[in-house]
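Contents: one structure, followed by commentary.
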Amino acid sequence: MTEQSKLITAVIDGKQVTVAAGTMILKAAESIGITIPVFCYHPRLTISGSCRMCLVEIEGGSKPVTACSTELAAGVVVYTNTPTVLEARREIMENLLINHPLDCPVCDKGGECLLQDHAYDWGPGASRFTERKRLFRKPIPLSDRILLDRERCILCTRCVRFCDEISDHRELAILEMGGNSEIAVAPDRAFDSQFSGNTVELCPVGALTSTSFRFKARPWEMARLPGICPFCGCGCSIDIHTRSGNIMRFMARENPAVDDGWLCDRGRYGFDLSGGSERLTKPLVRKQGRLVAVSWKEAIATAVEKLRRAVSQYGPGAVGGIGSAWSSSEENDLLQRLIRESLESHNVDCSLTDDGRPAALALAEGLGTFTFNDIDRADSILMIGADPSRYQPILDLRLKKAVITRRTPIFTLASTDGEMARYARESLRYRAGSEESLLRLLTAAVKKEKRYDSFESDLRAGGLSREAIDRGLERAGLGPRTVVLVNASLLTDDVRVYLVKELVAAMGAGASTGLLFDSANGFGARTAGAVPGYLPGLRPIDRGMSGPEMVVAAERSTLKALYILNREHHDSAAVARARRGAELLICHALFLDEASGSGDIVFPAASVFEKQGTFTNTAGLAQSTAPVLNPPGEARPESTVIEEIMERLKQ
Amino acid sequence: MEKMLFKRIDVPNAADITVAEKHGAYSQVGKAFGIKPEDLVNEVKRSGLRGRGGAGFPAGLKWELCARVPGDVKYLLCNADEGEPGTFKDRFILEQDPHLLIEGMIIAGHAIGAQQGYIYLRAEYPKAAGILEKAIEQAYAKGFLGKNILGKGVKFDLSVHGGAGAYICGEETALIESLEGKRGQPRSRPPFPASSGAWRKPTVINNVETLANIPFIVALGAETYAKIGEESAPGPKLFAVSGAVNNPGGFELPMGTTLREIIYTHAGGIKDGKQLKAVIPGGASTPMLTADHLDVKADFNSLMAAGSMLGSGAVIVMDDTACMVNVTAVLIRFFEHESCGKCTPCREGTGWLYKVYRRILSGEGKPDDVDLLLSICESIRGKCFCPLGEGAIQPVLSSIAHFRSDYEQCVNGRGCGREEQCRKVLH
Ligand SMILES: Cc1cc2nc3c(=O)[nH]c(=O)nc-3n(C[C@H](O)[C@H](O)[C@H](O)COP(=O)(O)O)c2cc1C
Ligand code: SF4
Ligand code: FES
């Protein structure tokens, strides 16, 4: 069949429309700018056809049909605005409202509610219902996070379908029948999905609310600004809703290249960074053993003078800087410039506990090329040590989508339990630490090589065998578009990087590799050069100490000065160890805690919501964010501080 | 007419396979297996057999649609949910002559290429469940079911699936959902079960009585069979007559027998010398008719022309002491209770109707209520996901159309002297 023959032409409201055969009337109408009201229909869920709000008329038809679930047939004439259609909408609205509490004044959904909007546009002016409404106790908790007001529910089943089709956690169900139907947590289940918040956003009415937002604000009081979720390596698109300097909630902002319009609960409900603590609002400098608040001028002058002194006294090698895989690429870039250009040291990394270099090497070697959309097209997926359900949740949904809608075969190899194993054709466990042998064996298996004795015994100990791997590869069926997902934190040394490279090369030209970072900018911190041995753009340069090496050196007082970005994202114990021997500890921090409080100079930082920055997600997609809030007090974005220090160091 | 469907109904112990066989059961299996499946489908098409579950869809056509879909796995489902109020016709076959149904299913399975059949049985028929289970066991033992039936290489397995007690599960797509272990709610059509039914495989779903006709079509041949009953709907028809008659029960009569003959000749006329006031010809969801309609023939087309439907063939008779507000209220209570809740108009509309009836019967009716009832029906009509809602409004619309004065007596405060009794009806 040619593409052409799959197109059909029909008429909607007098306008000709040409669409692919099989297109529903609703979508066809949408394509020519005709909007048909819906409740149960949602573009990313299967069609329910149950609310009946979308009824339209087809010329010659005996009764109205649902636009959402009726295919547009060639040559038909459809009307979306005849008296019959308008009457049908009026009737559906009247029926939907007879049992609805009409408590809009105290409903969180008020102002962004489909029921309100459709009642306004299509509903009858008054109700003729004079009987007693159906009443329910309200609200009932479905989980710690989500509440249900049953009497507001219109039983569109969007929430149920989300749990059945998207998260596949199947935690919600309809209980009872007819007018007594109610949404509930399915018997013997708990609504503890990491995606539960999506149901609140999907709910077209105020039936589902979150404890974090209930009774907090009216939709029209809030400013909405686009942002990028900063809580994992996925970088989902969000709308940040703020009111008088506070973030009230996150809502999904669909980005087909990342999130498909969903958010995980960690992201959606993670916006309160304070955990109840007070933010740092003034620069602090240690004087006679005590941190005291000083002016920015003094703080920066002190930092400049002490850094300069450290270099002149002990040499550049005694100074080091730690960026952050949770800071923007701009900040990481400035940090490495401060260390490399201004202080002429090579000691740069982005973590105190892990060597950031091997993953950078992997990127430099052309690994990490995959995009989320590759998953949609993949022939098969091989996952090594990855647990996206926990660390890159939105990727979990995309993987499930591939399995559910395309039956994409997955082969998982992991040292711990992960949800994706349930979706895999084959899932094998290996013993943590045996990754190198595992990679060798996998490559040998892909290449169908016979020689693998040297590492076989190691794997046997880990519970793996060549036979099991062969079987997994066989079941998953490697193809030209296989996607290999590797947990980036397994790349602890260069050998592993080269082994992954060899594995992927053995798979053929079309294979793509994803390095799964669990941090918001693990990818970008590396391409910004905040790792040993790489400048921005992954240009090689002399290699200084790694983060863990700096901690050891500082503890032994061979490293004298340490400059730390984004203190909250670094391991407190490592900070404490470095502190023991370091003469100078400078950090940017949001809060004064034991670790930042041990610093000699503490700069009050701006949170991720208070500054501009670029974050590169785990699929290599660079996305910029704009500030949605002002930093409190005198807190300042790190970049402006580093720039000023660098400027002064030149003088 | 010689009895066909009820041929063994009075034979003692006909549920036992040896007795049944002695009286002709399974005699057509061998013959049917000698006919090529597509010819068998054609035979049923030519017989003119129309489904006895309510809609009267041509059975042969349904089979053909399914048989034509490519695929090795197909299912044959027998709808034995018999949930339509007033209906108890299938029960006779299920309890007294289960082998007739099994024989029909074996032949149907061969015709459409299904190797697995299920009988979806009404939960309220526990007796039938035991009888069917035993009959199936016997049929297996005798080689009428299983991998190699009669040694002819035909495979057909059959089992009973107990329903969950909801009226909606008699609707074919809800039945399939329920069979699959899901909540019994209708599915969107298209796709129709013939192309994508149970477990998304091509599926034929037929009523018990429909399937019970199959052995006779094979035995008589399509031409002879088609001469029985009405040309537009040949064959025998089971009628379950209940209500104000002297001799309620199940009757096998030719399709097209008049309501008068059914009620007066076979069901013994109206009890206690009273007059007939109303008759529901095909179960609760078919519109009521009046004494003026007694000469209408009970077949699909004739009843349709008279403004009602043959439905399931459940003839419910009311005498002249019946209050139609009362009768309808009870029916609406049923539909309100059985609405599955999936779609808005049926879920909310039947609930609203029910509440209005309850108010009227409790003596608080208002003159506007009659028009309100009609208008609520309008808000349901033609807008529901499945036919349940459409069926639910039929008693309301027809009772108001024919017996508006009953309503007016109630809502205009005039009263009829039986208010005390009415108050109790819906409580
Ligand atoms: C609400 C509802 C209930 C139904 N209940 C039954 C039933 O109990 N038994 C039955 O055979 N058909 C019932 N039907 C009809 C079935 O959907 C279907 O049309 C029938 O089983 C097809 O079989 P047939 O073609 O042999 O008549 C019901 C339909 C609806 C809409
Ligand atoms: S709770 Fe909301 S999303 Fe779920 S069925 Fe009710 S109205 Fe729809
Ligand atoms: S939007 Fe079409 S039926 Fe709900």
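Chains C and L, in that order, give the protein sequences.
Each residue of the first sequence is one higher than the one before, counting from 1 in my numbering.
Each residue of the second sequence is one higher than the one before, counting from 652 in my numbering.
Every residue gets a Cβ at the ideal spot worked out from N, C-alpha and C, and that includes glycine.
Any residues in the region 86-99 of chain C with a beta carbon nearer than 8 Å to a beta carbon of chain L? Which ones, in chain order? From the region 86-99 of chain C, only Ala88, Glu91, Ile92, Glu94, Asn95, Leu96, Ile98, Asn99 have a Cβ closer than 8 Å to chain L.
Against chain D, does Pro124 (chain C) count as a neighbour if the rule is that its beta carbon must be under 8 Å from one of theirs? The structure shown contains no chain D; its protein chains are C and L.
query: Does the beta-carbon of Pro866 (chain L) have 16 or more other beta-carbons within 10 angstroms, so that it is buried, or is it exposed?
result: Buried, because 16 or more other Cβ atoms sit within 10 Å of the Cβ of Pro866 (chain L).
- For Glu3 (chain C), I'd like the list of residues in its chain whose CB is within less than 6 Å of its CB, leaving aside the five on either flank, ordered along the chain. In this prediction, Glu3 (chain C) has a pLDDT of 49, which is less than 50 and means its spatial position is unreliable; what the coordinates show is noted afterwards. Counting only Cβ-Cβ distances below 6 Å, and skipping sequence neighbours, we find nothing.
Is the shortest distance between the beta-carbon of Cys229 (chain C) and the beta-carbons of chain L less than 8 Å?
Cys229 (chain C) does not count as touching chain L.
Worksheet item: Going by DSSP, which residues form a beta bridge with Arg286 (chain C)?
Response: Paired residue(s): C:Leu291.
Flag Thr157 (chain C) as yes when its Cβ comes closer than 7 Å to any non-hydrogen atom of ligand 2, and as no otherwise. Ligand 2 has a heavy atom closer than 7 Å to the beta-carbon of Thr157 (chain C).
Using Cβ-Cβ distances below 9 Å, what residues of the region 44-73 of chain C are close to chain L? Here the close residues are Ile47, Ser48, Gly49, Ser50, Cys51, Arg52, Met53, Leu55, Ser62, Lys63, Pro64, Thr66, Ser69, Glu71.
Query raised in the report: Helix, strand or coil for Gln767 (chain L) per DSSP?
Result: The answer is strand: DSSP assigns Gln767 (chain L) an E or B state.
Note to self: Quick test of your reading: Ser69 (chain C) and Ser839 (chain L), contact by CB under 8 Å. State the CB separation rounded to the nearest angstrom.
What the structure shows: A Cβ-Cβ distance of about 5 Å is found for the pair Ser69 (chain C) and Ser839 (chain L), placing them in contact under the 8 Å criterion.
- May I have the straight-line CA-CA distance separating Ala863 (chain L) from Leu751 (chain L), to the nearest angstrom? Distance between the alpha carbons of Ala863 (chain L) and Leu751 (chain L) is about 6 Å.
Q | CB contact check: Glu3 (chain C) to chain L, cutoff 8 Å | A | At Glu3 (chain C), the pLDDT of 49 sits below 50, so the modelled position is not reliable and the matter cannot be decided from this model.
query: Which runs of the beta strand (DSSP E) spanning at least 3 residues fall entirely within the region 693-751 of chain L, listed in chain order?
result: Segments of the beta strand (DSSP E) lying fully in the region 693-751 of chain L: 726-731.
Cut-off 6 Å between Cβ atoms - residues of its own chain near Asn566 (chain C), not counting five sequence neighbours on either side
Closer than 6 Å at the Cβ level, and outside the excluded window around Asn566 (chain C), lie Ser324, Trp326, Ser327.
**Contacts of Phe128 (chain C) in chain L (Cβ-Cβ under 7 Å)** = Before going on, a small fix: residue 128 (chain C) reads as Arg here, not Phe. Near Arg128 (chain C) (Cβ distances below 7 Å), the residues of chain L are Leu1023.
Thinking C-alpha only, which one of C:Phe231, C:Ser546, C:Arg268, C:Ser237 is nearest Arg249 (chain C)? Comparing C-alpha distances from Arg249 (chain C) to each of C:Phe231, C:Ser546, C:Arg268, C:Ser237 shows the shortest one belongs to C:Arg268.
query: Nearest-angstrom Cα distance between Val859 (chain L) and Gly125 (chain C)?
result: Taking C-alpha positions only, Val859 (chain L) is separated from Gly125 (chain C) by approximately 49 Å.
Classification of Phe743 (chain L) by the beta-carbon crowding that lies within 10 angstroms, buried from 16 upward: Classification of Phe743 (chain L): buried, given that the 10 Å Cβ count is 16 or more.
message: Just to confirm the assignment, what range does the alpha helix (DSSP H) spanning Gln116 (chain C) have?
response: Segment 114-122, the alpha helix (DSSP H) holding Gln116 (chain C).
Measuring straight from C-alpha to C-alpha, what distance separates Leu629 (chain C) and Arg543 (chain C)? Rounded to whole angstroms, Leu629 (chain C) to Arg543 (chain C) spans 38 Å at the Cα level.
Checklist entry - Which value, in whole angstroms, describes the spacing of the CA atoms of Leu442 (chain C) and Ala509 (chain C)? => result Just so you know, the alpha carbons of Leu442 (chain C) and Ala509 (chain C) end up roughly 17 Å apart.
Counting contacts by CB-CB distance shorter than 8 Å, is Ile8 (chain C) in contact with chain L?
Not closer than 8 Å to any Cβ of chain L, the Cβ of Ile8 (chain C) fails to qualify, so no.
(Q) Pro837 (chain L) and Glu822 (chain L) - do their beta-carbons sit closer together than 8 Å? (A) Yes.
query = CB of Lys713 (chain L) to nearest heavy atom of ligand 1: below 7 Å?
reply = Look at Lys713 (chain L): its beta carbon is less than 7 Å from one of the heavy atoms in ligand 1.
(Q) The alpha helix (DSSP H) that contains Leu147 (chain C), what's its start and end? (A) Not the alpha helix (DSSP H): Leu147 (chain C) falls in the beta strand (DSSP E), residues 146-148.
- Whole-angstrom distance between Asp260 (chain C) and Glu254 (chain C), CA atom to CA atom: Roughly 6 Å between the two C-alpha positions.
Closest to Val77 (chain C) by CA distance: which of C:Glu449, C:Ser434, C:Thr9, C:Ala553 is it?
Residue C:Thr9 is the option with its Cα nearest to Val77 (chain C).
* Asked: In chain C, which residues lie less than 9 Å from His1078 (chain L) when you measure between Cβ atoms?
  -> Chain C residues near His1078 (chain L): none, gap ~14 Å exceeds 9 Å.
Alpha-carbon to alpha-carbon, Val205 (chain C) and Thr211 (chain C): In a straight line, the C-alpha of Thr211 (chain C) is about 16 Å away from that of Val205 (chain C).
Task: ligand 1 heavy atom lying under 7 Å from the CB of Asn799 (chain L) - done: No heavy atom of ligand 1 is found nearer than 7 Å to the CB of Asn799 (chain L).
- Is the CB-CB distance between His570 (chain C) and Ile322 (chain C) below 8 Å? Yes, the Cβ-Cβ distance between His570 (chain C) and Ile322 (chain C) is below 8 Å.
Using 10 angstroms around the beta-carbon of His169 (chain C), count the other beta-carbons present and answer buried if the total reaches 16, otherwise exposed. Answer is buried; the Cβ neighbour count reaches 16.
- Message: Which residue wins for smallest C-alpha separation from Asn347 (chain C), given the options C:Ala73, C:Tyr534, C:Gly111, C:Arg580?
- Response: A check of alpha carbon separations from Asn347 (chain C) across C:Ala73, C:Tyr534, C:Gly111, C:Arg580 identifies C:Tyr534 as the nearest.
Query raised in the report: Residues of chain L with a CB under 8 Å from the CB of Pro174 (chain C): which are they?
Result: The sequence shown places Ile at residue 174 (chain C), not Pro. From the beta-carbon of Ile174 (chain C), the residues of chain L found nearer than 8 Å are Arg834, Gly992.
How would you list, in chain order, the residues of chain C whose beta-carbon sits under 7 Å from the beta-carbon of Ala825 (chain L)?
By Cβ distance, chain C contributes nothing, its closest Cβ being about 11 Å from Ala825 (chain L), past 7 Å.
For Phe1054 (chain L), three-class secondary structure by DSSP | For Phe1054 (chain L), the secondary structure class from DSSP, reduced to helix, strand or coil, is helix.
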